[in-house]
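Numbering (our numbering), first residue to last: 9 to 636. From the three backbone atoms N, C-alpha and C, an ideal C-beta is built for every residue, glycine too. Working notes, structure below.
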Amino acid sequence: MKPLLLFAVLACVSWSSLPQDSSKTQGDTINLSVGNGDVQVPIISDSILEYESFRKTISVSKKNNNLEKLAHTYVDLAQWHEKHTVLDSSIAYLKKAIALYKEQRLNKKLAETYLLLKANYGSTAAYERASKAVYDALAIYEEMQDQQGIAKCYTSIGDLFYYSNRYSEGAEYCKKAIAIQKEYGYEKDIALSYRRLAENQLFLSSLEESLQNMNKAIQTYKKVGETGAPLLACYNGRGNIYKYLEEYDKAIANYNLCYDGAKKMGLEQYMMPPTANIGHVYLLQGNYAEALPYNLKAIEIMKRTGNTKNLWENYMHVSNIYRELGDYKNALEYHELYEKGHSDYLTSITSRVESEAHVKYETAKKTIEIGQQKNKIEQQKKIQTLYISLATLLAIILFGMYFTIKNIRKKRKALSLLNAELDTKNKQNELLLKEIHHRVKNNLEMVKSLIALQSAQLTDKASKEAMLASQNRVQSMGIIHQKLYQGTNLGAIEMKDYFINLSEGVLDTFNAEDKVKIECAMEKLNLDVDTAVPIGLIVNELLTNALKYAFPKGSKGKINITLEEENNDLKLKVSDNGIGKTEGTAPKGTGFGTQLIQLLTQQLNGTLSEEHKKGTTVFFTFKNYKVA
Numbered sequence: 009m010k011p012l013l014l015f016a017v018l019a020c021v022s023w024s025s026l027p028q029d030s031s032k033t034q035g036d037t038i039n040l041s042v043g044n045g046d047v048q049v050p051i052i053s054d055s056i057l058e059y060e061s062f063r064k065t066i067s068v069s070k071k072n073n074n075l076e077k078l079a080h081t082y083v084d085l086a087q088w089h090e091k092h093t094v095l096d097s098s099i100a101y102l103k104k105a106i107a108l109y110k111e112q113r114l115n116k117k118l119a120e121t122y123l124l125l126k127a128n129y130g131s132t133a134a135y136e137r138a139s140k141a142v143y144d145a146l147a148i149y150e151e152m153q154d155q156q157g158i159a160k161c162y163t164s165i166g167d168l169f170y171y172s173n174r175y176s177e178g179a180e181y182c183k184k185a186i187a188i189q190k191e192y193g194y195e196k197d198i199a200l201s202y203r204r205l206a207e208n209q210l211f212l213s214s215l216e217e218s219l220q221n222m223n224k225a226i227q228t229y230k231k232v233g234e235t236g237a238p239l240l241a242c243y244n245g246r247g248n249i250y251k252y253l254e255e256y257d258k259a260i261a262n263y264n265l266c267y268d269g270a271k272k273m274g275l276e277q278y279m280m281p282p283t284a285n286i287g288h289v290y291l292l293q294g295n296y297a298e299a300l301p302y303n304l305k306a307i308e309i310m311k312r313t314g315n316t317k318n319l320w321e322n323y324m325h326v327s328n329i330y331r332e333l334g335d336y337k338n339a340l341e342y343h344e345l346y347e348k349g350h351s352d353y354l355t356s357i358t359s360r361v362e363s364e365a366h367v368k369y370e371t372a373k374k375t376i377e378i379g380q381q382k383n384k385i386e387q388q389k390k391i392q393t394l395y396i397s398l399a400t401l402l403a404i405i406l407f408g409m410y411f412t413i414k415n416i417r418k419k420r421k422a423l424s425l426l427n428a429e430l431d432t433k434n435k436q437n438e439l440l441l442k443e444i445h446h447r448v449k450n451n452l453e454m455v456k457s458l459i460a461l462q463s464a465q466l467t468d469k470a471s472k473e474a475m476l477a478s479q480n481r482v483q484s485m486g487i488i489h490q491k492l493y494q495g496t497n498l499g500a501i502e503m504k505d506y507f508i509n510l511s512e513g514v515l516d517t518f519n520a521e522d523k524v525k526i527e528c529a530m531e532k533l534n535l536d537v538d539t540a541v542p543i544g545l546i547v548n549e550l551l552t553n554a555l556k557y558a559f560p561k562g563s564k565g566k567i568n569i570t571l572e573e574e575n576n577d578l579k580l581k582v583s584d585n586g587i588g589k590t591e592g593t594a595p596k597g598t599g600f601g602t603q604l605i606q607l608l609t610q611q612l613n614g615t616l617s618e619e620h621k622k623g624t625t626v627f628f629t630f631k632n633y634k635v636a
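Structure (C-alpha cells):
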C-alpha cells in the first residue's frame, strides 16, 4: 500500500485549529514572518486574573454546596482553557460540568455542554466521541422540543458527516437546520449553518452555490455584529472556495483577512489555517520556494498549540516541496512522517463511517425489538465480524484510490504551469503513476486470491457467498487500475470496454459463460475515475445478483447493460430476462450489496427504480458525474 499512500493526497488542509469549527483547508498571510522566530501569544495578566477568579469561585461554590454555580464555573474554566488551546483540560472540566448538570437534572444546560464537548473532541480528531456528544445533546433537545437546540445539533451533525467525507448527507443536515432557523429567526445560528453547508458543497462540485452560501454566512455575521473567530473562519472558508475556482488572488486576500484578524486578537491557533492555505496556493502555482516557509510555519504552530489532527497533510506538502527543490533527504524525512500520520487518518476515517452514536440514537428512536435464539445470534456474530473485516478492507482501498486520483489530478495541474524543463518531469511522473496503478492492480489480485483461499475453508453458505461477493468487488476495482495503467489518459475510463471486461470476470466466477450472455448496447463513453469507480461497483453487484437469483438450476438467459448521457443526466440500465421478483418477497442474501448500491447511488446524487416484467430491470439516474 505504500505506493498508493504516497499519492493519496487531499487537495486541502483543515481549519482544524478553531475549537468550534472544522474545515478541510488552511491558509497564510503575506505579512507572516518566518525567519525571525516564533509567533508568541503570551497569556496576559488579565487572563491570569480571570483564571484565578474562576478558581476562587469553584472553592466558594464547593464550600457552599452550590452545585449549579460550580457547574457553570467548570464550563467557564473549560472555555478559558479552550481559548488558550489546552484542550485536554477543557474536556476534563466539561465532563465535570456534565456530571453535575445530570445530577441536578438541568437538561438544557446539559445539552449545551454536550455541544461544547463535541467542539473540543472535534478539534482533537476524536470524532467518535464528538459524535456521541452531539447525539446525546440532540436526544435532550428533542425531548424538550427545543427547536433552536435541535437545529444546532443538525448543523453539528452536518460537520461530522463532512469529516466522514459524506458531503451530501452533511449538506442535507445543514439544510434541515437552516429551515428551522429561518422559521424561528435564529440569525446568528443560521450564519454557522450557511458556513457548514458551503463547506460540504465545496466537495460536491457545487462551487458557485458554496460561494453564495459562504457569502450569506459572512453577511449574517456582520449583520449581528460578530467580528471574532466565527467570521474569521468564514474568510478562511471563502479563500478555500476561491482556491478551487483558481482565483488565487482572491483566495490569498481572504486568507489574509483571517490571519490579520487572528493576529490582532492575539489568537495564535487561529493563524495556522490561513498560514497553511496560502502555502498551498503557492504550491499549486509551482512557487515551491515561496510555499516552503508557510508550510513549515503551519507545522510549527500546530505542534506548539497541540492541535495536530491534520498535521500529516502539511508533512505531505513539505515533502513534495523538498522533492521539487531537489532536497531529497528532507523530502524522505517528511514523507515518512506523512505516511505514519496518513495511515492513522485512514484508520480513523474507516472507524467513523458508521458512528456508534448515530446507530444507538436511531436504534433508540425506532425502538427495534431484537429476539433471536442463541445459536442464530452466534452465527450472526461470526458473519458480522466477517462483513466488518471486508467492509474495512474495501473502505481503505476505496479511500486510498480516491486520494490517489485527487493527488494525481492536482499534481498534473500544477505541473502544467511550469516551463519546458518541467514538462519533461511531467512525462516521467506519468510513467511512475502508470507503474503505481500496475502495482495497485497486482495488490488487488493478491487480495482477491487471499479471499478465495479463505473462502475455501468456510462451510457456512452465507459466509461463502459473502466472500465470493467480496472477490467480485475487489476484481471490479482491479480492472479499473488495469485500464488506467494500460491507457493513455490516467484520469479516464472507457466504460463500454470496462463493462465487457467486468462481465467476463463475473461470468467466469459463476461458471456461467455458456449459460448467460451479457451485452453492452451502448456507445463508447469516457468517464472520470471518481464516477467510473462507483458505477463499476454498482454494475458488479447487479450482475452478481442476477447470476445468483435470476437464472435458477443453470437456466440460460441474457443480461443487458446500457449507459448514456441524456438531458444533462447519466442514465444506467441493467436488465435480465430471468424469473423476476415476486411482489412482497423479501430480498435474498445478506443485504450488504443492496446497502452498497444505495450508498454509491447517493454518492453520485442519483435515483434508483425497478421494474419486474419478463425479468428484472433496474434504472439509475445520476446527476453528480464527470465525463473525461
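- Around the beta carbon of Arg63, a 10 Å sphere encloses fewer than 16 other beta carbons of the protein chains shown; the residue is thus reported as exposed.
- Going by C-alpha positions, Ser214 is about 11 Å away from Leu253.
- Fewer than three Cβ pairs drawn from the segment 258-275 and the segment 213-233 lie within less than 8 Å of each other, which leaves the two stretches out of contact.
- Annotation: Val68 to Lys91 spans about 24 Å, alpha carbon to alpha carbon.
- Between the alpha carbons of Ser563 and His620 lies a distance of about 18 Å.
- The C-beta distance from Ser218 to Ile249 rounds to 5 Å, short enough to meet the 8 Å contact threshold.
- Asn553 is classed as buried because its beta carbon has at least 16 other beta carbons within 10 Å across all chains shown.
- Judged by their CB atoms, Pro282 and Tyr267 are nearer to each other than the 8 Å cut-off.
- CA-to-CA, the gap between Glu512 and Phe628 works out to about 23 Å.
- In the structure shown, Ile587 falls within a coil segment according to DSSP collapsed to helix, strand and coil.
- A distance below 7 Å between beta-carbons, with the five flanking residues on each side excluded, links Ile148 to the following residues of its chain, in chain order: Asn115, Leu118 and Ala119.
- Gln155 is positioned such that its CB atom lies closer than 8 Å to that of Tyr192.
- Per DSSP, the continuous beta strand (DSSP E) segment holding Leu535 begins and ends at Asn534 to Asp536.
- Counting of Cβ neighbours within 10 angstroms places Lys251 among the buried residues, the total reaching 16 or more.
- Each residue's CA atom was taken as its position, placing Tyr175 and Gln611 some 9 Å apart.
- For Phe600, the uninterrupted alpha helix (DSSP H) segment begins and ends at Phe600 to Gln611.
- Within the same chain, and ignoring the five residues on either side of Lys184 in sequence, the residues whose Cβ sits closer than 7 Å to its Cβ are Tyr162.
- Taking the Cβ atoms as the reference, Met310 lies roughly 6 Å from Met280, within the contact range of under 8 Å.
- Counting of Cβ neighbours within 10 angstroms places Ser164 among the buried residues, the total reaching 16 or more.
- Annotation for Gln112: Leu75 and Glu76 place their beta carbon closer than 7 Å to its own, counting only its chain and skipping 5 residues before and after.
- Relative to Lys504, the option among Asp516, Lys523 and Cys528 whose CA is nearest is Cys528.
- Residue environment: Thr81 is assigned as buried (16 or more neighbouring CB atoms within 10 Å of its CB, all protein chains considered).
- Exclusion of the five residues before and after Lys525 leaves Lys566 as the residues of its chain whose Cβ lies within less than 6 Å of its Cβ.
- Between Leu616 and the set Ile587, Leu578, Val635 and Tyr59, the nearest pair of CA atoms involves Leu578.
- In this structure, DSSP gives Thr132 a state outside helix and strand, which the three-state scheme calls coil.
- Bridge partners of Lys579 according to DSSP: Glu572 and Thr629.
- With respect to the 8 Å criterion, Ala299 and Ile329 are classified as neighbours on the basis of their beta carbons.
- Here Asn221 is actually not in contact with Ala237; their C-beta atoms are around 19 Å apart, not less than 8 Å.
- In the DSSP assignment, Val514 falls within the unbroken alpha helix (DSSP H) covering Met503 to Thr517.
- Rounded to the nearest whole angstrom, the C-alpha separation of Tyr256 and His325 is 18 Å.
- The DSSP-derived three-state label of Ser617 is strand.
- Annotation: the continuous beta strand (DSSP E) that includes Val524 extends over Val524 to Cys528.
- Out of Lys196, Glu151, Glu195 and Leu146, the CA that lies nearest to the CA of Tyr181 is found in Leu146.
- Asp538 sits buried, since 16 or more C-beta atoms from the chains shown fall within 10 Å of its C-beta.
- Within the model, the alpha-carbon separation for Arg204 versus Tyr122 is close to 19 Å.
- Across the structure, Ile99 and Leu239 are spaced so that their CA atoms are roughly 24 Å apart.
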